[in-house]
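Be aware that the sequence shown starts at 846, since it is given in my numbering, and climbs by one per residue. Cβ coordinates follow ideal geometry from the N, Cα and C atoms, glycine included. Quick caveat, the model's predicted, so the values are computed rather than measured.
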Amino acid sequence: MKTSFKVSSFFLFFMLISSTAFAGNLIIASKKELLKVHNALMETVFPYDEGSVPQRYKDELNKESPVIFKEIIESKEAIQVLKAFANLKQFENPLFIKVIYQMFTGENPKSIKSEDFSEIKKFIQDNSRPQFGLALYELPVMKRRELLSIMLQSKVNFHRRMAYIAKTLYITKIYRGKLAEEMSGLVHREDTNEVIPPAPKFKAKISFDAKKKIIKEKFDYIVVGSGVAGSVVVNQLQKAGKKVLLLEKGPFIIPGGVNARDNFKFMEHGGLRGSFDGGMYFLNGAVSGGGSSVNIDMSYPPTLPYIAINFERWRSEGKVPNEIWSPKQISEAYTWVRDMFEPRIVGPDELNENNRILMNGADQLGLHWEWFELLTLKNKEDRPGYISDKKSVVEVLLEEGFEANQNPVAFLPNSKVLKVLHQKVKDIDSAYGVQFEVQQGWGAKGMMDDPMNLKMPAGSKVEVYADHVILSAGTLGTTMVLLQSEIKNDYIGRGVVSHPFAPILGHFDHEVNAHLGTASAVYVDHFLTTDAKDKKEGFLIEGAGGNPALVGVMVPGSPMQVYDNVKRSKKAAGMGVILVEDTNLDNRIMLGKNGEPFIKYALSDKDKRRFGKGMATAMRILFKAGAKKVSMNNYQNFFSDQQGMEYQYFTDISQADLVEKNFAAIPNQALMMGAHMLGANKLGTDPKKSVVNSNHESWEVKKLYVVDASVFPESVGANPMQTIYTMAKMFVDRHLQGNK
């Protein structure tokens, strides 16, 4: 289903004619103009005007500014922000905002009223010259900051969105690298090894017909996505003697050569893929290994009571067939997962101060907590030459298939699958291959752009054929392929859940050094249910490591407050709240403009209340553990006397009640991330209410399968990685048995 972005031609023409001065500027602002806005935002966000900030920091940042500008204009969203601030008159015109909002979101913003513009209109009129526009760089720096504050508190989401993206983007760009290391004292993480470990030996031989734009060989299986689920499927199919082609949208990282953990450049859309209203940003791996490469390897076995009850509930309610996902099947499949990955339980000797704060605060509140299982090596030295202690699926599951002597796995990274090829023969519609687009290689150290040595030109649309197609591209990637394949099923993309995540920071008098040691050693599971009839509050609290950029955005106040916060990074303790939200069928992934995802997602009022309790509980934990003050990235005004740009910290445990009572999750006022997308292409028993059947096969297209987190009917109840591994193993076992 395509979302309509059509706007009345007459209406748009009238708006442009009546507002030529500013509408044209939004569309055609020159690069020189954008650079001026960029420089103005740098000065707005960083306290250049403060004498207490060392001059060398300002000088170094000035040298870095052109590099930041180059990075920013690579993002469409960032360019839109720069264009918006090139002429502020855009922000005071309701008609213009409505059209732009509709173009961005596909929805008619009927709720926007003229009176919502009164404060920003007065500001612009008071500061602009008659008959002229007004650019951000024409304002004094204090006026720029005042404008951002007004916009962040605006009732108009477009105002909030432009200001929030601008401020957050520039803080994260400024407080990074060696300069941020000097400011904060936090050790900069190296992303690439000096000496890269040997690359896998890819033994498959395939060829490319440049004239026909096809891969000449035909395969038993094409698997789309090299992440958590796809890797299990590929591993088992190859061992069963099948000829497999693995396609991956992202680049291929030589195992141990590059650190992809928590690295936004290896996430889909740079980690900036937002819902249509900007209320949620979704984190999805876009690299070899998928989520197993970018996440921090927290392991929640599917046999845990608060996960296992969901499988039993789905079976008892008839949402999934009774013959699959039984406790016995889950246990047997997870035994295989444990044998492959050898998860380890973290012990007290790995408890850093950040996790100790979480544990001690929970103890004082009488909350149950557990030690984490992690999919990491305890000692990085156990694997010489590797840059991190991670166990991604590339080295655990895929590498042996690449190097196999018999039917080795063929692998094409930088290959974005556009659609599944399918056709009807005697009224039966069957898949017979895929079309993919060759992405530009990275040409970077520690990566292989063309392991099959096919030399396919970037931008080429190539077809490849197989007897079966398995989509394991993650919830977002798989949904987009299904939608672009024009498969007639209205449930594709419906009911997506994301496990919303929000961080919170405690400020202590002593050094915490959250960046050192094991990032996550303990977690609070007190509010998860083991009773299928009682969902309880349904949230987790986990420890989180720190970096200067994240610490910076956690004080949504003045530039000097942000700077001071970064300077005190060593004394900050971080944790995050993850909500296990309810399923809402109105939340969905759709096919938007130019083939981009259009994600409609909003929390229910009930989920907002539960999230508010989670944030308030995390705040109480921090205060009980000795925090002097607490902050979170939320511009919502929790205090009746709060005014202006200065952020008002929470300074007493009693103030957690304000958060629990008033937490609103207002789009573009709070940092909220979708940690795990699930459930958009549900497995079920009814073709009218699901996308695939008990065999994971599309109801509409034979020999097309979906095997990833998108098949779960609802949230699995906690971080899903181990459950996805297990589900994929159960699928491939059943599938191969069926073939026999």
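Mind checking which residues open and close the alpha helix (DSSP H) that includes Val1006?
For the purposes of this step, residue 1006 is identified with residue 161 of the sequence shown, where counting begins at 1. The sequence shown places Arg at residue 1006, not Val. In the DSSP assignment, Arg1006 falls within the alpha helix (DSSP H) that extends over 1002–1019.
N- and C-terminal bounds of the beta strand (DSSP E) containing Gly1351
Within the sequence shown, numbered from 1, the residue matching residue 1351 stands at position 506. Unbroken beta strand (DSSP E) run through Gly1351: 1345–1352.
What are the start and end residues of the beta strand (DSSP E) that includes Lys966?
Residue 966 sits at position 121 when you count from the first residue of the sequence shown. From DSSP, Lys966 is part of no beta strand (DSSP E) but of the alpha helix (DSSP H) over 963–972.
Residue from Val1132, Asn1358, Pro939 with nearest C-alpha to Val1032:
Working through the sequence shown from its first residue, we reach residue 1032 at position 187. Of Val1132, Asn1358, Pro939, the residue nearest in Cα terms is Asn1358.
Residues that DSSP places opposite Glu1215 in a beta bridge
Position 370 of the sequence shown holds residue 1215. DSSP, once it has assigned bridges, lists Tyr1368 as partnering Glu1215.
Give the straight-line distance between the Cα atoms of Tyr1570 and Ala1178, rounded to the nearest whole angstrom.
The count along the sequence shown starts at 1 and reaches residue 1570 at position 725. The count along the sequence shown starts at 1 and reaches residue 1178 at position 333. When rounded, the distance between both Cα atoms is 9 Å.
Determine the contact status of Thr1363 and Leu1523, defining contact as a CB-CB distance below 8 Å.
As a working mapping, residue 1363 is identified with position 518 in the sequence shown. As a working mapping, residue 1523 is identified with position 678 in the sequence shown. Cβ distance not < 8 Å, so Thr1363 and Leu1523 don't count as in contact.
Limits of the alpha helix (DSSP H) - the one that Ile917 falls within
For this step, residue 917 is matched to residue 72 along the sequence shown. Here the alpha helix (DSSP H) through Ile917 covers 900–917.
Of the listed residues Pro1442, Lys876, Val944, nearest to Ala931 (C-alpha basis):
By one-based count along the sequence shown, residue 931 stands at place 86. The candidate whose alpha carbon is nearest that of Ala931 is Lys876.
Measuring CB atoms only, is the stretch 1331–1346 touching the stretch 1078–1086, in the sense that at least three cross pairs come out at less than 8 Å?
no
Distance, Val1309 Cα to Leu1361 Cα
Along the sequence shown, one-based indexing puts residue 1361 at 516. Along the sequence shown, one-based indexing puts residue 1309 at 464. Each residue's Cα considered, the two are about 46 Å apart.
Using DSSP with H/G/I as helix, E/B as strand and the rest coil, what is Phe1053?
As a position in the sequence shown, residue 1053 is number 208, starting the count at 1. Correct three-state label for Phe1053: strand.
8 Å Cβ shell around Asp1274 - same chain, five flanking residues per side excluded
Against the sequence shown, residue 1274 aligns to sequence position 429. Around Asp1274: His1267, Gln1268, Glu1545, Val1546, Lys1547.
Check whether the Cβ atoms of Gly1075 and Ser1260 sit closer than 8 Å, and answer yes or no.
Counting from one through the sequence shown, the residue named residue 1075 turns up at place 230. Counting from one through the sequence shown, the residue named residue 1260 turns up at place 415. Cβ atoms of Gly1075 and Ser1260: not closer than 8 Å.
Span of the alpha helix (DSSP H) around Ser1161
Residue numbering aside, residue 1161 sits at position 316 when the sequence shown is read from its first letter. First-last of the alpha helix (DSSP H) with Ser1161: 1150–1161.
Considering only C-alpha positions, which residue in the set Phe1384, Gln1406, Asn1478, Lys1473 is nearest to Phe1456?
Within the sequence shown, residue 1456 is the residue found at index 611, counting from 1. Measuring from the Cα of Phe1456, the nearest candidate turns out to be Phe1384.
Neighbourhood of His1521 by C-beta, 6 Å cutoff - its chain only, sequence neighbours within 5 removed:
Position 676 of the sequence shown, counted from the first residue, corresponds to residue 1521. Result list for His1521: His1344, Pro1565, in chain order.
Among the residues of its own chain, which have a CB less than 8 Å from the CB of Leu857, if the five just before and after it don't count?
Counting from 1 along the sequence shown, the entry for residue 857 is found at position 12. Note that Leu857 has pLDDT 30, beneath the 50 cutoff, so the model's placement of it is unreliable and the number below is only indicative. So the list reads Val944, once near-sequence residues are dropped.
From which residue to which residue does the beta strand (DSSP E) around Lys1061 run?
Working through the sequence shown from its first residue, we reach residue 1061 at position 216. Note, Lys1061: beta strand (DSSP E), 1059–1069.
Let's test the definition: count the other Cβ atoms within 10 Å of the Cβ of Met987 and tell me whether it reaches 16, buried, or not, exposed.
Within the sequence shown, the letter at position 142 stands for residue 987. Result: exposed.
According to DSSP, which residues form a beta bridge with Gly1421?
In the sequence shown, residue 1421 corresponds to position 576, counting from 1. Paired residue(s): Pro1348, Glu1387.
Span separating the alpha-carbon of Val1262 from that of Leu1092:
Stepping through the sequence shown from its first residue, residue 1262 is reached at position 417. Stepping through the sequence shown from its first residue, residue 1092 is reached at position 247. Distance between the alpha carbons of Val1262 and Leu1092 is about 8 Å.
Going by other Cβ atoms of all chains shown within 10 Å of its Cβ, with 16 needed for buried, is Ile1190 buried or exposed?
Within the sequence shown, numbered from 1, the residue matching residue 1190 stands at position 345. By the neighbour-count rule (16 or more Cβ atoms within 10 Å), Ile1190 is not buried but exposed.
Of the choices His1313, Lys1445, Val1254, Asp1409, whose alpha-carbon is the least far from that of Lys1046?
For the purposes of this step, residue 1046 is taken as residue 201 along the sequence shown, with counting starting at 1. Of His1313, Lys1445, Val1254, Asp1409, the residue nearest in Cα terms is Val1254.
Are Pro1406 and Tyr1492 close, meaning C-beta to C-beta below 8 Å?
For the purposes of this step, residue 1406 is identified with residue 561 of the sequence shown, where counting begins at 1. For the purposes of this step, residue 1492 is identified with residue 647 of the sequence shown, where counting begins at 1. Sequence inspection shows Gln at residue 1406; the Pro mentioned does not correspond to that position. Taking C-beta atoms as the reference points, Gln1406 and Tyr1492 count as a pair closer than 8 Å.
Does the contact criterion of 3 or more C-beta pairs under 8 Å hold for the stretch 1051–1070 versus the stretch 1238–1246?
no
For Glu1157, which of Val1556, Thr1324, Val1077, Thr1375 has the nearest alpha-carbon?
As a first step, residue 1157 is located in the sequence shown; it is residue number 312 there, counting from the start. Comparing Cα-Cα distances from Glu1157 to each of Val1556, Thr1324, Val1077, Thr1375, the minimum goes to Thr1375.
In the DSSP assignment, find the alpha helix (DSSP H) that holds Ser1138 and state where it starts and stops.
Reading the sequence shown from its first residue, position 293 is the one you call residue 1138. Ser1138 -> alpha helix (DSSP H) spans 1136–1139.
Host alpha helix (DSSP H) of Leu997 (start-end)
Residue 997 sits at position 152 when you count from the first residue of the sequence shown. Note, Leu997: alpha helix (DSSP H), 986–997.
Give the single residue among Gly1192, Asp1227, Glu1244, Pro1229 whose Cα lies nearest to the Cα of Leu1219.
One-based indexing of the sequence shown puts residue 1219 at position 374. The option with the nearest alpha carbon to Leu1219 is Gly1192.
Where does Gly1437 sit, in a helix, a strand or coil, going by DSSP?
By one-based count along the sequence shown, residue 1437 stands at place 592. Three-state result, Gly1437: coil.
Kindly indicate which three-state DSSP category Arg1228 falls into: helix, strand or coil?
In the sequence shown, counting from the first residue as 1, residue 1228 sits at position 383. Coil, per DSSP.
Are there any heavy atoms of the ligand ADP lying less than 7 Å away from the beta-carbon of Ser1120, as far as the coordinates show?
Although the ligand ADP was asked about, the structure shown includes no ligands whatsoever.
When Lys1438, Ser1476, Asp1194 are compared against Val1367, the one with the closest alpha-carbon
The sequence position of residue 1367 within the sequence shown is 522, counting from 1. The closest CA to that of Val1367, considering only Lys1438, Ser1476, Asp1194, is found on Asp1194.
Hey, is Phe1156's beta-carbon within less than 8 Å of any beta-carbon in chain D?
Although the question refers to chain D, the structure presented lacks it and comprises just one protein chain.
Inter-residue spacing [alpha-carbon to alpha-carbon] between Gly1030 and Val1411:
Stepping through the sequence shown from its first residue, residue 1030 is reached at position 185. Stepping through the sequence shown from its first residue, residue 1411 is reached at position 566. The alpha-carbon atoms of Gly1030 and Val1411 are separated by roughly 9 Å.
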